[in-house]
Amino acid sequence: MGQGGSAAVQGAAAFGKAMAVLQAVADAAEPVSVAAIARLTGHPRPTVHRIVAALQAEGMLAEVPRGGAFGLGPRLMALAARAWDRFELRLIAAEELAKLRDATGETVHLAVRSGPEMIYVDKLESPRAVRMASRIGTRVPLHSSSVGKAWLAALPPAEAAALLPKLDLAAMTPQTLTTVDALAPEIERIRARGYSIDAEENEADIWCYGGAIAGAGGAIGCISVSIPKYRAAIDDPERYAGPLLACCRRIAALAADGVR
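The opening residue of the sequence shown carries number 985 in this note's numbering; numbering runs sequentially from there.
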């Protein structure tokens, strides 16, 4: 093999290592350290340190505020956002999301899981005057958001129980559930009734109802209906939950048909 071919092989090997690092970070339930990435990928720690530094410099990874651990970076999320118009679940769900928005008169979100968070991949605004601050690409925690809690409740119970202690149960508002002892029974209640409620747990003055789009072994995505507290029918959850769950079932059926 000539010199050019050797360089190409070396380049491919370096790219493969960088992709392995990105995949390890993306698959982790929480931000991970260089040492943890080295264990997950099997690459030497000095090699991982160089790769992480290069990916961080390019915005593909970002160090979390507490330091020493890394999550996916803003540039990577921006690149992903450009592909979301072609994202299959978003395309499948588009018509049903519009029906849900029209039926409730409120903002609806479609979200998928990314590590310890959910990412909004679609948003349809309420026609009313007050709008949500969220946008496509917004990341919300699993433990405090309606979509996150709906996703957790859709997991097999043993898998959800094993995951909860690994989450960073940070307080987003004074109403956030910040202990496993508080969150675990809430997940059981969601599993029993079929939908989640975010009662100002992720954002002050905002109530959200969440439902999971069922797939094999869990949820393939989740949907929320988000309402300013002052106009939320707090004593009548079925006003939102009924249309929400019907929407989730229809999208799940469409997605299942799409993979047959």
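Where is the CB? At the ideal position from N, CA and C, for every residue including glycine.
Bear in mind the structure is a predicted one, so any value in this text is a computation, not a measurement.
CA-to-CA distance, residue j to residue i, given in whole angstroms
{"i": "aspartate 1182", "j": "glycine 1195", "result": "11 Å"}
{"i": "arginine 1023", "j": "alanine 1117", "result": "39 Å"}
{"i": "glycine 1011", "j": "glutamate 1143", "result": "One point to set straight first is that residue 1011 is aspartate, not glycine, in the sequence displayed. So the two alpha carbons sit approximately 15 Å from each other."}
{"i": "serine 1130", "j": "glycine 1205", "result": "12 Å"}
{"i": "aspartate 1219", "j": "lysine 1133", "result": "20 Å"}
{"i": "alanine 1236", "j": "glycine 1199", "result": "7 Å"}
{"i": "aspartate 1189", "j": "lysine 1213", "result": "5 Å"}
{"i": "arginine 1074", "j": "glycine 1089", "result": "20 Å"}
{"i": "tryptophan 1068", "j": "methionine 1102", "result": "With a pLDDT of only 49 at tryptophan 1068, under 50, the local geometry of the prediction cannot be trusted, and the value read off the model is given with reservation. Going from the Cα of tryptophan 1068 to the Cα of methionine 1102 covers about 14 Å."}
{"i": "arginine 1070", "j": "methionine 1061", "result": "In this predicted model, arginine 1070 has a pLDDT of only 47, less than 50, meaning its place in the structure is not dependable enough to derive any value."}
{"i": "alanine 1145", "j": "leucine 1136", "result": "9 Å"}
Opposing strand residues paired with residue i [DSSP bridges]
{"i": "tyrosine 1104", "result": "Ala1095"}
{"i": "proline 1212", "result": "Ile1190"}
{"i": "glutamate 1047", "result": "Phe1054"}
{"i": "glycine 1205", "result": "Ile1197"}
{"i": "valine 1124", "result": "Met1102"}
{"i": "valine 1016", "result": "Phe1054"}
Member of the options whose CA lies at the smallest distance from the CA of residue i
{"i": "leucine 1127", "options": "Ile1171, Ala1037, Phe1054, Ala1203", "result": "Looking at the sequence provided, one finds histidine at residue 1127 rather than leucine. Per the Cα distances, Ile1171."}
{"i": "arginine 1234", "options": "Leu1045, Asn1186, Ile1207", "result": "Ile1207"}
{"i": "arginine 1177", "options": "Ala1240, Glu1222, Ala1053", "result": "Glu1222"}
{"i": "proline 1253", "options": "Tyr1104, Val1018, Ile1021, Val1209", "result": "Because the chain here runs from 985 to 1244, residue 1253 falls outside it and cannot be looked at."}
{"i": "lysine 1083", "options": "Ala1237, Ile1218, Cys1231", "result": "Cys1231"}
{"i": "serine 1110", "options": "Ala1095, Pro1058, Gly1043, Ala1216", "result": "Ala1216"}
{"i": "leucine 1238", "options": "Glu1079, Arg1085, Lys1001", "result": "Glu1079"}
{"i": "valine 1164", "options": "Ile1174, Val1018, Ala1154, Leu1148", "result": "Leu1148"}
{"i": "proline 1141", "options": "Gly1201, Asn1186, Ala1240", "result": "Gly1201"}
{"i": "glycine 1026", "options": "Pro1015, Gln1007, Arg1112, Gln1040", "result": "Gln1007"}
{"i": "valine 1096", "options": "Arg1112, Ala1087, Thr1122", "result": "Thr1122"}
Presumed contact (8 Å Cβ cut-off) between residue i and residue j, rounded CB distance
{"i": "alanine 1203", "j": "alanine 1138", "result": "4 Å"}
{"i": "valine 1048", "j": "valine 1005", "result": "Their Cβ separation, rounded to whole angstroms, is 16 Å, which puts valine 1048 and valine 1005 out of contact at 8 Å."}
{"i": "glycine 1055", "j": "valine 1105", "result": "No, glycine 1055 and valine 1105 are not in contact; Cβ-Cβ is about 18 Å, not under 8 Å."}
Every unbroken beta strand (DSSP E) inside the region 1176 to 1200 [3 residues or more]: 1180 to 1183, 1190 to 1199
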